[in-house]
Each structure stands twice: as structure tokens, then as C-alpha cells.
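Structure first, commentary second.
Protein chains: 2
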Amino acid sequence: MAEKEKISQTISRELLNMIEVGKFPPGSKLPTEMELAAHFGVSRIPIREALSVLRAAGVISSRQGGGSYVEERAATFLLHQIRIENDDKEVIKHLFEMRKILEPEAAYLAALRRTPEQLEQMEQALKWLEREFTDEEKMGTEADIEFHRSIILATQNPIMIHMIESLSALYERALKITLEPNLVLKQRRKAALKEHQDILLAIKMEEPELAKIQSVIHLKNAEKKLSLLF
Amino acid sequence: MAEKEKISQTISRELLNMIEVGKFPPGSKLPTEMELAAHFGVSRIPIREALSVLRAAGVISSRQGGGSYVEERAATFLLHQIRIENDDKEVIKHLFEMRKILEPEAAYLAALRRTPEQLEQMEQALKWLEREFTDEEKMGTEADIEFHRSIILATQNPIMIHMIESLSALYERALKITLEPNLVLKQRRKAALKEHQDILLAIKMEEPELAKIQSVIHLKNAEKKLSLLF
DNA sequence: TAATTTTATTTGTAATACAAAATTAATTTT
DNA sequence: AAAATTAATTTTGTATTACAAATAAAATTA
Chain U
1 MAEKEKISQT
11 ISRELLNMIE
21 VGKFPPGSKL
31 PTEMELAAHF
41 GVSRIPIREA
51 LSVLRAAGVI
61 SSRQGGGSYV
71 EERAATFLLH
81 QIRIENDDKE
91 VIKHLFEMRK
101 ILEPEAAYLA
111 ALRRTPEQLE
121 QMEQALKWLE
131 REFTDEEKMG
141 TEADIEFHRS
151 IILATQNPIM
161 IHMIESLSAL
171 YERALKITLE
181 PNLVLKQRRK
191 AALKEHQDIL
201 LAIKMEEPEL
211 AKIQSVIHLK
221 NAEKKLSLLF
Chain V
1 MAEKEKISQT
11 ISRELLNMIE
21 VGKFPPGSKL
31 PTEMELAAHF
41 GVSRIPIREA
51 LSVLRAAGVI
61 SSRQGGGSYV
71 EERAATFLLH
81 QIRIENDDKE
91 VIKHLFEMRK
101 ILEPEAAYLA
111 ALRRTPEQLE
121 QMEQALKWLE
131 REFTDEEKMG
141 TEADIEFHRS
151 IILATQNPIM
161 IHMIESLSAL
171 YERALKITLE
181 PNLVLKQRRK
191 AALKEHQDIL
201 LAIKMEEPEL
211 AKIQSVIHLK
221 NAEKKLSLLF
């Protein structure tokens, strides 16, 4: 199950790395597709696929007849390409830092704007989480993510939604890693569930400030739990 | 200067729209590349380019021999593809909402962690902004962005950095639109400059809370200015 | 019925060719 | 000689055809 990688993926990763390392500094011209193809020993096809990924990520831009150039403000990395390893505590810390910034505000906005349908969606997610928590085996990470996701959706801010969505894959993996070895969790399950219920209640009552506070509390407790790991 | 669009771009936009509209719901299988090619009346090449963009954005996933499927949690849109039109006030509002959430926290973190080099970078950007402001003609949008960007970089959080970078193109355009017709700005220039200096000073003194407050003040004033437009 | 093999489908890559845009070199004009 | 125009070259964008490799569907066999 070695998940064989596509050639174009390998190449886009390689090229991105070269750009990050400074082999192709911002503003510089990349080699032509033919040259890259020769260099990597492949045809133009996977080269073009790789370049199109970098283009979509805003790392390079190409002009027909001109060539491909590294963008002046090349995004530092493709979020989809971040791989969290078990020992990769830095990424998890940074991710949690962003959660502490985004989620309380999202809860605030959700309390302001949520539609009845969105409230229903949150309640469904919470019920799912409750079911998962009664089962000793399950961790409920998916339900957890779905709950937080439903709150984000209720903010009605497409940019906020996009940011969280682009983080979700990363978030999911980070959550699994942090929850997996955590035996303390079982004792904290009821407390965690209560925290989720409190957030939802505040959103239901349309109390933005309260929702924000409940979210802060939840994240603070989650962080305590997290700090035991590191 | 009509900026002719590539076929693959047109198609990726079309496909994305179809997905958003529900023509291809999450989890469903897309038509084969051959079918798509026939449908759009092009060869497989631009189809593959379009699909690779959607793949990079996490909207779809493909398996050799299997086909392409819409991801269960397809990102709602590609940030790079958002076009802000002059009458597109909604996007600008949402963008500003995100700035209010992210930037004060970024200033906080920057005050905590900035290296001397990063402080230097911020000061350079501020000087640039001062020069631009003395010139009646120039608006200083680029310098403005560079200043805020230098603060973000000093947070040392790669996820934060990535988020802002991915927003920067959008931000730049929004800023130009909001500043362009604003004649009041000239009177507010000194005030705005002072606000920037205050933020930098707090970061220089390594006073996180103060930096956050100064950032909030700055954004509050900017929002007042903005509210005149809408 | 269940497991295995075969067949067909579909994406991934290759090679070649040409169109279209941009860059560079050459030419002409002033 | 300098500037403008034109021509030639380079380079990306798209098309066509072909085949490899992985998956999914169908047929076969136990």
C-alpha cells in the first residue's frame, strides 16, 4: 500500500523545494518546459502538470511565448502538501495557535448569523459526537471536526470558510495524533462534551460574546490536554 | 488588453461552478476526461490541466484507472480565482472582517517573536510608506501591504503566513478599490501613518498587548473610512 | 455462492506536431 | 546612429495518437 506517487507530484514537490531553497528566487525565470523535461528525464506532460499545480497555488505564473516566472510573493508552501508526522510537534502547535485565533471569532459570528438550518446542522453534529463518546473504542475525531466545521459555515464569511476548509485535512490529522495516545481523554470526555454543548447553546441563544467565551474556554482546556503531550 | 483567458482556466472555472451548483455533488464521480473533452469541444490536454488545478485545490481527487471524484469536503472556492469587481462590496466586507480577526493577533505574536532582522524589514516598509505618503499622487497601497506583510512574517507561524499570502492578491485589489475614490484619505494620511508607527513601536518594544490594541485601533479607523464608501 | 481470471475502462505518461504569443535579432526608416 | 518596423526564433498552449498502468466490471471456474 505504498501509495505510489505520480511523477508530476514528485516534480512539483522538487520544483517547490528548489524555489524555497532559493535556486529559483522570486521574479526569476524558470527553465523552459523542454529543459525541465530533459532535466527530470520525462516528457513535457508531467512537467506541465507540475507547473499547473504551482500556478494554481500562486507560486509561479506563465505567459505563452514568454516562459514561467517565480511570483514575487510566492506562497511559502502548499498547505495540501504539509505532512504531519508523529514527531512533528511544531506544525501542531502552530495549527493550534491558529485555532485559538479563528474559532472564538467564528463562534461569535455564527451566533450572530446562523440560520435555523445551520443550527440544525450543528445539533446533528453534536448528537453524532455524543454517540461516538458513549462508545469506548471510538475517538469521535470526525464528529468533532464536523461540529467545528458547522460553526464555521454559519459565519457566512466565504473567506473564513475557505481558510478552515484548506486547514481541515491538516486539522484532522493533527487531531488524530493528539487524541490517539491520550488516555486521559476518557476522563475528560464528559467535560469536553459539556464544553461543546455550551458553545452550541450560546449560538442557539444568539449570544455572540458568550459563544466566543465558551469557545475560548474549550480551547484553553484542550490546550491543557495538549500540553501534557509535549 | 483583454487578458485572454486560457481554455483550461475557463474549464476549471466551469467545472468548479458545476460542482458548487450541485451538478456534481460531493462524493460523485466526474465524467471521464474523454467525455469532458467531447463536452467542451477540446482535447484531453486542457481538461487535464483544469482537473489538476481542482486537484491541487483539494476539490477533486483522481485515481488512475478509477476516475475523478468530488471530494467530500470540497473547498468552496479557489481563492485565486475570486475576482473583485468594483461593485463587489460583499467580498471586501468579508475580507475586512478577516483582517480584523487576524491582524491584531498577528501584531501580538510579532511583538513576542520578531527577530532584529524582521524588525528592520518592518522599519524599511514603514519608511517606504512615509515616502509614498509625501507624494500627493501615489496611494502607497503596495507599501501598506508590505508593512502588514512584514508583521505577519514576524509571527513565525507558517500557517498564519500561508493564510495571509493566499489572501494578499485579493487584499491588494480590495485596497486599491477602497482607496482609489477616497478623497478624504489625504486628510487622514497623517493619522494613518501615525497608527502604523504606533503598531511598529509596540512591536519594537516587545509589548504584545499594546501591539494588538494599536492594530485594533488602526483597523477601527480604517473601517470608519471604509463605511463612507458603502 | 465465492473466489479467481479475464476483459474493458480510465487515468498517467510519451512523442510529435502545430498554433499563438512573446522575445530577440535583423532590417528598414528617419 | 537611433528609433521604429519587420522578421525570425523561442516558448507556452493545444491537438492528436499511442501505449502503459491501475482500477472496475464481467466472465469464468471451483
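Top to bottom, those sequences are chains U and V. Take the first sequence: its position 51, counted from the start at 1, is 51 in UniProt numbering, and no numbers get skipped. Take the second sequence: its position 225, counted from the start at 1, is 225 in UniProt numbering, and no numbers get skipped. Glycine is no exception: its CB is placed at the ideal position from the N, C-alpha and C atoms.
Return the residue from the list the options that minimises the CA-CA distance to residue i.
i, options, result
"residue 190 of chain V", "V:132, V:213, V:145 and V:166", "V:132"
"residue 60 of chain U", "U:216, U:197 and U:18", "U:18"
"residue 222 of chain V", "V:100, V:44 and V:54", "V:100"
"residue 194 of chain V", "V:217, V:176 and V:172", "V:217"
"residue 115 of chain V", "V:203, V:14, V:224 and V:34", "V:203"
"residue 13 of chain U", "U:57, U:96, U:188 and U:220", "U:57"
"residue 205 of chain U", "U:72, U:113 and U:124", "U:113"
"residue 98 of chain U", "V:139, V:62 and V:164", "V:164"
"residue 20 of chain U", "U:226, U:5, U:66 and U:72", "U:72"
"residue 66 of chain V", "V:126, V:168 and V:32", "V:32"
Between the alpha carbons of residue i and residue j, how many angstroms are there, rounded?
i, j, result
"residue 27 of chain U", "residue 68 of chain U", "10 Å"
"residue 120 of chain U", "residue 22 of chain V", "21 Å"
"residue 7 of chain U", "residue 110 of chain U", "43 Å"
"residue 70 of chain U", "residue 196 of chain U", "44 Å"
"residue 9 of chain U", "residue 53 of chain U", "9 Å"
"residue 83 of chain U", "residue 92 of chain U", "Residue placement at residue 83 of chain U cannot be trusted, given a pLDDT of 49 that sits under 50; the coordinates are not used to answer."
"residue 134 of chain U", "residue 49 of chain V", "46 Å"
"residue 124 of chain V", "residue 96 of chain V", "25 Å"
"residue 226 of chain U", "residue 173 of chain U", "14 Å"
"residue 238 of chain V", "residue 5 of chain V", "Because chain V in this structure spans residues 1 to 230, residue 238 of chain V falls outside the shown range and cannot be described."
"residue 139 of chain V", "residue 188 of chain U", "54 Å"
"residue 232 of chain V", "residue 16 of chain V", "Coverage of chain V is limited to positions 1 through 230, which leaves residue 232 of chain V absent and any answer about it impossible."
"residue 90 of chain V", "residue 157 of chain U", "9 Å"
"residue 85 of chain V", "residue 220 of chain U", "Because the pLDDT of residue 85 of chain V is 47, which lies under 50, any placement of that residue in the model is unreliable, and the number read from its coordinates should be weighed accordingly. Using only the alpha carbons, I get a separation of about 41 Å."
"residue 94 of chain V", "residue 168 of chain V", "14 Å"
"residue 207 of chain V", "residue 63 of chain U", "46 Å"
"residue 183 of chain U", "residue 126 of chain V", "Confidence at residue 183 of chain U is low in this model, with a pLDDT of 47, below 50, so the placement of that residue should be treated as unreliable; the coordinate-derived value is given next. Taking the straight line from one Cα to the other gives about 50 Å."
"residue 210 of chain V", "residue 224 of chain V", "21 Å"
Between which residues of its own chain and residue i is the CB-CB distance below 6 Å, once the five residues before and five after are set aside?
i, result
"residue 122 of chain V", "150 and 200"
"residue 79 of chain U", "Below a pLDDT of 50, predicted positions are generally treated as unreliable, and residue 79 of chain U, at 49, falls in that range; no measurement from the model is reported."
"residue 155 of chain U", "106, 109 and 110"
So, residue i versus residue j, is the Cβ gap smaller than 8 Å?
i, j, result
"residue 159 of chain U", "residue 153 of chain U", "no"
"residue 103 of chain U", "residue 215 of chain U", "yes"
"residue 170 of chain U", "residue 147 of chain U", "no"
"residue 175 of chain V", "residue 145 of chain V", "yes"
Assuming residue i is part of the beta strand (DSSP E), what are its boundary residues?
i, result
"residue 68 of chain U", "67 to 70"
"residue 63 of chain V", "60 to 63"
Note down, in chain order, each residue of its chain lying with its Cβ closer than 7 Å to the Cβ of residue i, except the 5 sequence neighbours on either side.
i, result
"residue 37 of chain U", "43, 44 and 47"
"residue 24 of chain U", "18, 30 and 70"
What are the boundary residues of the alpha helix (DSSP H) that includes residue i?
i, result
"residue 117 of chain U", "116 to 134"
"residue 46 of chain U", "44 to 56"
"residue 24 of chain V", "Where residue 24 of chain V is concerned, there is no enclosing alpha helix (DSSP H), given that its DSSP letter is neither H nor E."
"residue 90 of chain V", "89 to 113"
"residue 141 of chain V", "141 to 154"
"residue 34 of chain U", "33 to 40"
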